[in-house]
Amino acid sequence: MKLSTAYSPGEYEKDIYALWEKAGAFIPAKDAKGTYSIVMPPPNANANLHLGHALTAFVEDIPARYHRMKGDATLLLPGADHAGFETWVVYEKQLAKEGKSRFDFSREDLYEQVWNFVARNRQNFETQVRAFGTSCDWTHFTFTLDDKIIKRAYQTFKNMWDEGLIYRGERLVNYCTFHGTSFADIEVEHREEASNLWYIRYPLTDGSGEVIVATTRPETMLGDTGVAVHPDDERYAGYIGKTAKLPLTGREVPIVADSFVDISYGTGAVKLTPAHDQNDYDAAERHSLPKIQIINREGAISAEAPAEYRGLTVREARKKVVEDLEAAGVLVKTEEISHGVGHCYKCGTVIEPLLGEQWFINMQPLAKTAIAALKADEITFYPASKKDQLINYLEGLRDWNISRQIAWGIPIPAFQNVDDADDWIYDERVDQEIIEVDGKTYHRDTDVFDTWFSSGSWPYATLEVGSEDFKRFYPLNLMETGGEILYPWVSRMIMLGLYVTGKVPFKEVYIHGYVMAEDGSKMSKSVGNVVDPLPVIEEHGADALRIGLITNRAPAVNRGYDTAKVIGGRNFCNKLWNVARYIEDKVGEDSLTDKPAPKTLADHWMLYKIQHSIPVISDHLEQYRFSEAFDVVHDLIWDDLADWYIEASKSDSNSSVLAYALKTVLALAHPFAPFVTETIWQTLDWQHDSLLITSAWPKPLKVGDKAKAKQFENIQALVTEVRAITKSLKARGVVLEHDGESVIADNSAIIRRLGGLKDIVEANTSGLTLTSGLTARLQIDDATLASYRDELHAKEADLAVKITQLQGRLNNDSYVKNAPATVVQQTKDQMAEAEAQSESIAADLARFA
RNA sequence: GGGUGAUUAGCUCAGUUGGCUAGAGCAUCUCGUUUACACCGAGAGGGUCGGGGGUUCGAAUCCCUCAUCACCCACCA
214 MKLSTAYSPG EYEKDIYALW EKAGAFIPAK DAKGTYSIVM PPPNANANLH LGHALTAFVE
274 DIPARYHRMK GDATLLLPGA DHAGFETWVV YEKQLAKEGK SRFDFSREDL YEQVWNFVAR
334 NRQNFETQVR AFGTSCDWTH FTFTLDDKII KRAYQTFKNM WDEGLIYRGE RLVNYCTFHG
394 TSFADIEVEH REEASNLWYI RYPLTDGSGE VIVATTRPET MLGDTGVAVH PDDERYAGYI
454 GKTAKLPLTG REVPIVADSF VDISYGTGAV KLTPAHDQND YDAAERHSLP KIQIINREGA
514 ISAEAPAEYR GLTVREARKK VVEDLEAAGV LVKTEEISHG VGHCYKCGTV IEPLLGEQWF
574 INMQPLAKTA IAALKADEIT FYPASKKDQL INYLEGLRDW NISRQIAWGI PIPAFQNVDD
634 ADDWIYDERV DQEIIEVDGK TYHRDTDVFD TWFSSGSWPY ATLEVGSEDF KRFYPLNLME
694 TGGEILYPWV SRMIMLGLYV TGKVPFKEVY IHGYVMAEDG SKMSKSVGNV VDPLPVIEEH
754 GADALRIGLI TNRAPAVNRG YDTAKVIGGR NFCNKLWNVA RYIEDKVGED SLTDKPAPKT
814 LADHWMLYKI QHSIPVISDH LEQYRFSEAF DVVHDLIWDD LADWYIEASK SDSNSSVLAY
874 ALKTVLALAH PFAPFVTETI WQTLDWQHDS LLITSAWPKP LKVGDKAKAK QFENIQALVT
934 EVRAITKSLK ARGVVLEHDG ESVIADNSAI IRRLGGLKDI VEANTSGLTL TSGLTARLQI
994 DDATLASYRD ELHAKEADLA VKITQLQGRL NNDSYVKNAP ATVVQQTKDQ MAEAEAQSES
1054 IAADLARFA
């Protein structure tokens, strides 16, 4: 079939993807020796995919295609995430548009509605993943709320329950009073805000004095149960053990010594509000102080506080407390300060640390195992520095609060005895609110799991522990993800993986950087600088986008999106297309052979270049250096094949080498440009209904003779020289003519005029003469001659400096002794070359004098 | 406060354990093109490798220091 002059991706991409899918090319081969597996991090099912998703898909798809061609049974498992809270927020917005809220529905209704909402949006996302050209096995598609995922979460929870790793604790949790849920530490967004530091006088109960405390949250003094000072703080040495009398409430609280207090901050005395501050909570635990919760879940002052404050919002309470303190004459002063305040990362509400009954996992044993595995290098990180960061994180890990108070998620399979609050049992009948066990009545816990608890099992839950897939593909080869979820997700997958399967869940972790806007700023919907990948694909093709995104990009480095790179990718595809058009025209159906027969020096050089490039490309790909790998492919195709070999072959073509070169570069380029390479492949007469996607990764042939290849490189140098000479002659006013036409200083033109590279080779052996058919005519004026002389003088001076430098180096004994022989030899060669040049310049000058 | 990374051509970035004249793409400029491709070809210009110090025969590369930027973690009573 004849190819049209320009590659238009839109005409082919959908059909090519359908061709692959229909042929089952994405399904892991049954009879392969090795395996390669990636479970794709599930994107949020309701999301429109952005460029970051595209990059993710490419970073997963490139190694998958490479390994598939290498002959490994390759599994690229796709999935989508219910994304717990994320989805919940989007759905609530949707409800709000309809004038409804979640309070209008029962929990079961809500669950079903959100499920349908997500299912509707899922289609959209699958279309986009296909448009990227992702070679994932759709028959393995997994949703984070699929039965196997829920079962795995329950199984893990139960095992931990049985082993005593799960406990229910009253702990301070980060509570969003708007969403009515608690958050992990990591979900709290700290923002710097202007506030005040209020200094409050707490009189000692025995009347012997007073202690002044400084606070940014005066309203919480209603819940104070102590005052802390540093044990080494001489100012307060006599106070420790005494009690202070709280203004407004009149409560007597002890003054304790604790080294967490910063002597230099404020007054060096800290009020302790254990129910509303993590530090205070920890201190209260150490000193057995009571915890009084004076802020409730609605963000209002609770019944624990004096009557006149009850029901006030935190903000109102702050105002009133300050006024009352002032009226009581105990407010010493107010300072303006700036400090970080925790906010809900979704709605911006100030996060209240509140006491709450939550499910926790004791992370110590899990973290310990994970640290040991990391230190034993059981997982390779790209980039490597992430490993130490992760270890560092795990070493300071606190227990994990796995309960969330939302309707959307996996219900926690635990029931509480209605008569005994401390009696909890494990039971999976979560579809029932009330169950009877041993004549006792239990009420279902209303909480759901933290999303990360179930997704932490993703690598083996998707494969189903114990299944054939699991045996074949676990541990996974690669986990590819963004840096922002290294801690919440990757760390949990490692810990849970080790806990459940006894093995690390993956051998390699690749952290991708973010795709920023073109100006380097963050892409964000509100700024409106988000680039939608689909229009880019429509305009330039999925391959162009792929090349544009992976080139010039390293793992874990944020980099701007660059349209020029995408255009570059498109140009590359077009180049490949035209190379194919040319070669297709020159070769016949039987030209393709496993043993191309080199005849000319150019043949040898081309084959040598190919056989030399294959391991280099493979090596880069094995280590996920996509940009570097593509550069090699690009240069091989553009510079070596198109610019040199094809030009040379025009006068002396070898169809077996041309066909072999095309086939090989198509295979090598396939992971980077799957659509165009497969499209070309399908148009070739000699491919006999095969698919490029499942064809073999090229092996180096060793038929290109190195010495002959080297000779061709000499010719290349010669051609370059001829070009330069022609150009320089022209600049000097010398016109080269052939049959009355001026000769053009161009690669192909020169080769053609000189009768092809073959003749140049001959010329090379007998000394190059440009005389055959060429006439030279001098048209030079005095000014040109003078400028040429100046140029030569300048060059001569430069060379003199260089020679002095080189001579100095060679005269240096330590250099000659210490530097490697090769380096010294290089210097000598340079010296000789410089001297030769110098002489020739001197001769020229003499001639033009 | 702690950590990590960065700083190289106008722009975006390479530069493996110190060793050829510090590279690429884009952009700019020059020249060219009927014969696979203007989504093309041949060239050119452009860098005291963030500043300063040190180690070394030799530093973009190693060490110290300063500066700027980015991100992460912790703290902020």
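Residue numbering for the first sequence follows the working numbering, starting at 214 and increasing by one per position. Cβ coordinates follow ideal geometry from the N, Cα and C atoms, glycine included.
Spanning the alpha carbons of Leu914 and Gln824 requires a straight line of approximately 6 Å. Rounded to whole angstroms, the gap between the alpha carbons of Glu841 and Asn1025 is 39 Å. DSSP places Lys653 inside the beta strand (DSSP E), whose first and last residues are Lys653 to Arg657. Here DSSP, grouped into helix, strand and coil, assigns Asn387 to strand. Contact check for Lys919 against Leu814 fails: the beta carbons are separated by 8 Å or more. The segment 406-418 makes contact with the segment 455-463, as at least three CB pairs between them are under 8 Å.
Within the segment 607-653, the runs of beta strand (DSSP E) at least 3 residues long that lie entirely inside it are, in chain order, 627-630, 633-639 and 647-650.
Taking Glu1009 as the centre and dropping the five residues before and after it, the same chain places the C-beta of Ser1051, Ile1054, Ala1055 and Leu1058 closer than 8 Å to its C-beta, in chain order. The three-state secondary structure of Gln571, taken from DSSP, is strand. Burial check for Thr1017: the Cβ neighbour count within 10 Å stays below 16, so the residue is exposed. If you draw a straight line from the Cα of Asn784 to the Cα of Ile240, it comes to about 31 Å. Excluding the 5 residues flanking it on each side, Ile229 has same chain C-beta neighbours closer than 7 Å at Phe888, Glu891 and Thr892, in chain order.
The shortest C-alpha to C-alpha distance from Ser866 to any of Ile796, Ser826 and Leu905 is the one to Ile796.
Assignment of beta-bridge partners to Glu751 by DSSP yields no partner.
Judged by beta-carbon spacing, Ser348 lies beyond the 8 Å limit of Leu290, meaning their Cβ atoms are not closer than that value. A residue is called buried when at least 16 other Cβ atoms come within 10 angstroms of its Cβ; Tyr478 does not meet this threshold and is exposed. When secondary structure is reduced to three states using DSSP, Ala530 falls in the helix class. Per DSSP, reduced to three states, the secondary structure at Gly1021 is helical.
Taking Ala882 as reference, the option from Leu871, Trp910, Ile859 and Ser903 with the minimal CA-CA separation is Trp910.
When rounded, the separation of the alpha-carbon atoms in Ser395 and Leu762 is 38 Å. Contact between the segment 893-904 and the segment 849-862 is absent: fewer than three C-beta pairs spanning the two stretches fall below 8 Å. Contact between the segment 762-772 and the segment 788-804 is absent: fewer than three C-beta pairs spanning the two stretches fall below 8 Å.
Asn784: member of the alpha helix (DSSP H) spanning Thr776 to Lys799, first to last residue.
Boundaries of the beta strand (DSSP E) around Gly695: Leu689 to Gly695. The secondary-structure analysis by DSSP pairs Ile707 with nothing; it has no beta-bridge partner. With respect to the C-alpha of Val829, the residue from Asp848, Trp818 and Arg759 having the closest C-alpha is Asp848. In this structure, Trp790 sits away from Tyr249, with a CB-CB distance that is not shorter than 8 Å. In terms of Cβ geometry, Glu565 and Ile514 do not form a close pair [threshold 8 Å]. In the three-state reduction of the DSSP assignment, Thr347 falls in the coil class, being assigned neither a helical nor a strand state.
In this chain, the alpha helix (DSSP H) harbouring Phe683 covers Glu681 to Phe686. Taken through DSSP and simplified to helix, strand or coil, Trp910 comes out as coil. Relative to the Cα of Ser670, the nearest Cα in the group Val792, Asp636, Thr357 and His556 belongs to Thr357. Buried is the label assigned to Pro255, since at least 16 other Cβ atoms lie within 10 Å of its Cβ. If you compare the alpha carbons of Tyr452, Arg448, Leu485 and Thr480 with that of Arg464, the shortest gap goes to Leu485. Bounds of the beta strand (DSSP E) holding Leu288 are Ala286 to Leu290. The shortest CA-to-CA distance from Met1044 to any of Ala344, Asn492 and Leu1012 is the one to Leu1012.
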